[in-house]
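Written out below as structure tokens is the structure these notes cover.
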Amino acid sequence: MPALIVGKAALCLVQLHLELVKAGACMLTVHGRTREQRGPNTGLADWSAMRAVVNAVDVPVLANGNIQIPGDVNRCLQSTGASAVMSAEGILSNPYLFEERHEVNWLVAKEYLDFAERYESTVSTIRAHLFRICHHSKFGIA
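Heads up: the sequence shown is residues -23 to -1, 1 to 119, going by mature numbering (1 follows the signal peptide of the UniProt record, and there is no 0).
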């Protein structure tokens, strides 16, 4: 069985992805944003760039970027041709995204704090995750 190598590269670096497959990758994850698209400059992921990678390789590709609501899953799969999707920001804002439900933000924050205490998370990590959980609502509620 070939080694599992997940190549998470920014945008349409088709050549890099081809090299990863040539080196033995049996699956790739493609992030559709550039390095500059961080923090307040996040912007939209480039699904067409992800499609270029999907079309160039013969291994399953996971698309990562712009999965914020349940409907984004099918839109992304159709636009990119990817085998599956993953979510980072969307899951932080709504950990129940793939269950197609949305809990009251303060209840999610409380559950997160229980996990953070149990697994001894750092203050900076806790602060960043709580911001993501609560930032969609002025009062931290859904």
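Ideal Cβ positions, reconstructed from N, Cα and C, are used throughout, including at glycine. None of these values were measured; they are calculated from a predicted model.
C-beta contact flag for residue i and residue j at 9 Å
i	j	result
Asp23	Gly42	yes
Val62	Ile46	no
Asp35	Val(-3)	yes
Thr19	Glu66	yes
Cα-Cα separation between residue i and residue j, rounded to whole angstroms
i	j	result
Leu39	Arg78	23 Å
Leu(-20)	Ala2	Any reading at Leu(-20) is ruled out, since the residue's pLDDT is 43, under 50, leaving its predicted position unreliable.
Asn51	Val31	16 Å
Lys87	His106	12 Å
Val81	Ala(-1)	45 Å
Cys111	Glu97	21 Å
Val7	Ser56	14 Å
Thr99	Trp83	20 Å
Ser70	Arg28	26 Å
Leu54	Leu5	15 Å
Cross-strand partners of residue i (DSSP beta bridge)
i	result
Ala39	Checking the sequence, you will find Leu at residue 39 rather than Ala. Paired residue(s): Thr6 and Ala61.
Entirely enclosed alpha helix (DSSP H) segments - the region 64 to 98, minimum 4 residues: Counting whole runs of 4 or more residues, the region 64 to 98 contains the alpha helix (DSSP H) stretches 66 to 70 and 82 to 95.
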